[in-house]
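Quick notes on the structure that follows.
Protein chains: 2
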Amino acid sequence: MPSQKQLDDWFYKRKTHKQSLSAALLFPALISGNRGALSSAITLVESQVSEDRKEANKLIKSCSDLNKKAWRIGITGVPGVGKSTFIDAFGKIILEKGLKLAVLAIDPSSNVSGGSILGDKTRMPWLSQQENVFIRPSATRNNLGGVALNTREAILLCEAAGFDIIFIETVGVGQSETVVHSMVDFFLLLMLSGAGDELQGIKRGIMEMADLLVITKADGDNLQNAKNARSQYANALHLFPSKPSTWTTQALISSSVSGVGLHEVLEATENYFNKIVLSAWLDENRRLQEITLLKECLSNLLKQDFFGNNKWKNKFLIAEQKVANGKLSAFIAAEQLFKEFNLRKI
Amino acid sequence: MPSQKQLDDWFYKRKTHKQSLSAALLFPALISGNRGALSSAITLVESQVSEDRKEANKLIKSCSDLNKKAWRIGITGVPGVGKSTFIDAFGKIILEKGLKLAVLAIDPSSNVSGGSILGDKTRMPWLSQQENVFIRPSATRNNLGGVALNTREAILLCEAAGFDIIFIETVGVGQSETVVHSMVDFFLLLMLSGAGDELQGIKRGIMEMADLLVITKADGDNLQNAKNARSQYANALHLFPSKPSTWTTQALISSSVSGVGLHEVLEATENYFNKIVLSAWLDENRRLQEITLLKECLSNLLKQDFFGNNKWKNKFLIAEQKVANGKLSAFIAAEQLFKEFNLRKI
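Sequence lines, in order, name chains W and A.
So for the first sequence, numbering that gives the first Met the number 0 puts the first residue at 0; every next one is plus one.
So for the second sequence, numbering that gives the first Met the number 0 puts the first residue at 0; every next one is plus one.
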């Protein structure tokens, strides 16, 4: 049997030579836990090429038939809260338990700025070198809706590859939290002490989604601040409406430097999953998420049928120019494009 | 020439007998300012029937060729802020200037609760009886995206009918403000004194969109509170980033009972429009809005092609049931539906 390293190299070569991959080839390597295969599989589902999409669908079908379940954990917080170092340090605790960890990212700002979630090696220096860890930065070539669907599929692939825990991380800037919340079992919000909620750009709605608040950087001079902030948040959390999971959101502190609080974070996470497995909320919630996903997927396919095709995309750009110059109203332009598109097959 | 009342009755009868209306019939009556024709025209553009849609497109084309421009003003605020009484009282000031006013509503809660924006007669008792006023409650049969497009078209129709000012009002509960903001020139946020921002459910993002904050109910014992709140908001507004319009958001007080502040609100509105007409931001902003609208319209048409058809909607419901029972994954179900839908025409 070839080593993990050899397999990684083999898949990497295929990828760099842009050879298309078949589901039949990928699936066995994927379920054996091969990271190169997982990486290639995610590239396959992200591909806009229609033959790739066919293979991707086969692969997704095989993976969802496996019905493997990992803990899907959303992690968010504003830039500067220490998300990467938290994941690096918290990931260590998870690996010590003998679990396999995957880290996926959704980055809505990546379209504009080229990505505020950086490459994995610089961000998570320790984690990125571990055998039982898979880290994948956000797909950037798509809109938020497209990235969300890709990430959903990536979760399925990670589960098929035998990962026990999957982090889906995002920057705390608004829309993307809702997207992440719609695909995870547990939602973890990292916060800074000292800064007011407003300054942190954290909206009330995001705090309401959280299952666990963790005040980061609880070390040195900042330890007492963090403890004070935890008490304040703990009090505030009592005022929030109760959750359908019946879980009561907690506030904890943590330090990625000293390691303070990280075991408590894992303990709270375990308590949560024990509770929702027992109450069957885990399955119920995923069922509800799947129903929402169905409509999203279909809407996306219907839109992609047009926007994913270069010929029609070009026609769209021409129409956009006319609208921008005031030569055509948006309504009329849209109707014309739609009509032309709909007639194409007859 | 028949009276306004006779024309109103005539259009009302056609509407109640569900006779379909042609663009050729509606257009001349519409541009003469007939309110019955305007009402019928809005009903036409809201219709899901495909023949109606054809006529609606002709009508929209004729109206956008006219290139008439009204002041498009978004008005929002949480339930209880006194939106209806404000519009009733502020509308009076506008009518006194000899202007014609249309009031349209977007109500995202209407799908669920049956509508929190009530009928016009109870809400705006004075305004609803005036000759130069047109009030139209929200279309309820559609999703927020659909309602938004309908409202956009309704704005065009109101402009064609010669209205000078169009209010687009919505309840301050989240998503719909962004939608309204994307179709107006000026965004007015009503606020209560005393209640904290959090209690009012007003998110920072909504305050940032506002061009004018108005503290309502500035009368009796509450007058001093309102003045204090105005000062506080005025200070807070300094901290906000500057707007592309280069306009500085102001905070004012108003009372719909005593009439305090209403003239100042109109004055600020006039100043704003004078400024943005001069700087050409009015046109630039509308151009940007049109470009966004083009993509929204087209996406909506592509989705409606499926979801607007009963046969396919039923197939969707069956698939949804299978997904809910765990018999099918959302991805696979979506792919299958899409494939079948795409093959239908070949």
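Beta carbons: idealized from backbone N, C-alpha and C, even for Gly.
Please read these numbers as outputs of a predicted model, since none were measured by experiment.
{"Check": "Whose Cβ in chain A lies nearer than 9 Å to the Cβ of Lys60 (chain W)?", "Outcome": "Ser328, Phe330, Ile331, Glu334"}
{"Check": "What does the alpha-carbon distance come out to for the pair Phe330 (chain W) and Leu43 (chain A)?", "Outcome": "15 Å"}
{"Check": "Going by CA-CA distance only, name the one from W:Ile41, W:Gln320, W:Gly32, W:Arg285 that's closest to Leu100 (chain W).", "Outcome": "W:Gly32"}
{"Check": "Counting beta carbon pairs with one atom in the segment 204-218 of chain A and one in the segment 179-195 of chain A, are three or more of them shorter than 8 Å?", "Outcome": "yes"}
{"Check": "I want to see whether chain W comes within less than 8 Å of Ser112 (chain A), judged by CB atoms only; does it?", "Outcome": "In this prediction, Ser112 (chain A) scores a pLDDT of 37, lower than 50, which makes its location untrustworthy; no coordinate-derived value is stated."}
{"Check": "Give the straight-line distance between the Cα atoms of Ser298 (chain W) and Glu130 (chain W), rounded to the nearest whole angstrom.", "Outcome": "38 Å"}
{"Check": "If contact means a Cβ-Cβ distance below 7 Å, which residues of the segment 279-296 of chain A contact chain W?", "Outcome": "Arg286, Glu289, Ile290, Leu292, Leu293, Cys296"}
{"Check": "What in chain A is Cβ-close to Val170 (chain W), meaning under 9 Å?", "Outcome": "What Val170 (chain W) touches in chain A: nothing, since even the nearest Cβ is about 16 Å away."}
{"Check": "What does a CB cutoff of less than 7 Å around Val179 (chain A) pick up in its chain, not counting 5 residues either side in sequence?", "Outcome": "Gly73, Thr75, Ile105, Ile167, Thr169"}
{"Check": "Relative to the alpha-carbon of Glu289 (chain W), which residue among W:Pro78, W:Glu269, W:Glu152 has its alpha-carbon at the smallest distance?", "Outcome": "W:Glu152"}
{"Check": "Taking its Cβ as the centre, do 16 or more other Cβ atoms sit within 10 Å of Val111 (chain A), making it buried, or is it exposed?", "Outcome": "Any reading at Val111 (chain A) must be qualified, since the residue scores a pLDDT of 37, below 50, and its modelled position is unreliable; no value is offered."}
{"Check": "Is the number of C-beta pairs between the segment 211-222 of chain W and the segment 243-259 of chain W that are closer than 8 Å three or more?", "Outcome": "yes"}
{"Check": "Return the bridge partner residues of Trp70 (chain A) from the DSSP annotation.", "Outcome": "A:Ile164"}
{"Check": "Decide if Val276 (chain W) is buried, meaning its Cβ has at least 16 other Cβ atoms within 10 Å, or exposed.", "Outcome": "exposed"}
{"Check": "Please list the terminal residues of the continuous alpha helix (DSSP H) segment that includes Val322 (chain W).", "Outcome": "309-323"}
{"Check": "For Ala23 (chain A) versus Leu29 (chain A), is the C-beta spacing smaller than 8 Å?", "Outcome": "no"}
{"Check": "Are the CB atoms of Ser63 (chain A) and Ser328 (chain W) within a distance shorter than 8 Å?", "Outcome": "yes"}
{"Check": "Report yes or no: do three or more beta-carbon pairs, one from the segment 154-166 of chain W and one from the segment 84-100 of chain W, lie closer than 8 Å?", "Outcome": "yes"}
{"Check": "Measuring only the C-alpha atoms, how far is Val322 (chain W) from Pro27 (chain W)?", "Outcome": "50 Å"}
{"Check": "What are the residues in the segment 310-324 of chain W lying within 8 Å of chain A by C-beta distance?", "Outcome": "Phe315, Ala318, Glu319, Val322, Ala323"}
{"Check": "Cα-Cα, which of W:Glu295, W:Phe340, W:Lys310, W:Lys338 is closest to Ala147 (chain W)?", "Outcome": "W:Glu295"}
{"Check": "Measuring straight from C-alpha to C-alpha, what distance separates Ser39 (chain W) and Asn149 (chain W)?", "Outcome": "13 Å"}
{"Check": "Between Leu126 (chain A) and Gly90 (chain A), which are expected to be in contact by the criterion C-beta below 8 Å, what is the C-beta distance as a whole number of angstroms?", "Outcome": "5 Å"}
{"Check": "Could you please give the first and the last residue of the uninterrupted beta strand (DSSP E) stretch that includes Leu188 (chain W)?", "Outcome": "185-190"}
{"Check": "Which residue marks the beginning of the alpha helix (DSSP H) containing Ala209 (chain A), and which one marks its end?", "Outcome": "No alpha helix (DSSP H) holds Ala209 (chain A); DSSP gives it neither H nor E."}
{"Check": "Given a threshold of 16 other Cβ atoms within 10 Å of its Cβ, counted over all protein chains shown, does Phe239 (chain A) qualify as buried or as exposed?", "Outcome": "exposed"}
{"Check": "For Gly200 (chain A), which three-state DSSP category applies?", "Outcome": "Interpretation of Gly200 (chain A) is limited by its pLDDT of 48, a score under 50 that renders its predicted location unreliable; no figure is taken from the coordinates."}
{"Check": "Identify, in the order they occur along the chain, each residue of the same chain with its Cβ nearer than 6 Å to the Cβ of Ser83 (chain W), setting aside the five sequence neighbours on each side.", "Outcome": "Arg122, Met123"}
{"Check": "Using alpha carbons as the reference points, say which of W:Leu25, W:Leu20, W:Val48 lies closest to Phe306 (chain W).", "Outcome": "W:Val48"}
{"Check": "Considering only residues of the segment 219-249 of chain A, which uninterrupted alpha helix (DSSP H) runs meet the minimum length of 4 residues and lie entirely inside it, listed in chain order?", "Outcome": "222-237"}
{"Check": "Using beta-carbon positions only, say whether Phe85 (chain A) and Ser255 (chain A) come within less than 8 Å of one another.", "Outcome": "yes"}
{"Check": "According to a CB-to-CB cut-off of less than 8 Å, which residues of the segment 29-59 of chain W neighbour chain C?", "Outcome": "In the displayed structure, chain C is absent; the protein chains listed are W and A."}
{"Check": "Taking Cβ positions only, does Lys302 (chain A) come closer than 8 Å to chain W?", "Outcome": "yes"}
{"Check": "Take the Cβ of Arg343 (chain A) as the centre, count every other Cβ of all protein chains shown within 10 Å, and call the residue buried at 16 or more, exposed below.", "Outcome": "exposed"}
{"Check": "Near Gln335 (chain W), which residues of its chain fall below 6 Å by C-beta distance, leaving aside the five closest residues on each side in sequence?", "Outcome": "none"}
{"Check": "In chain A, which residues lie with their C-beta within 8 Å of the C-beta of Glu152 (chain W)?", "Outcome": "Phe330"}
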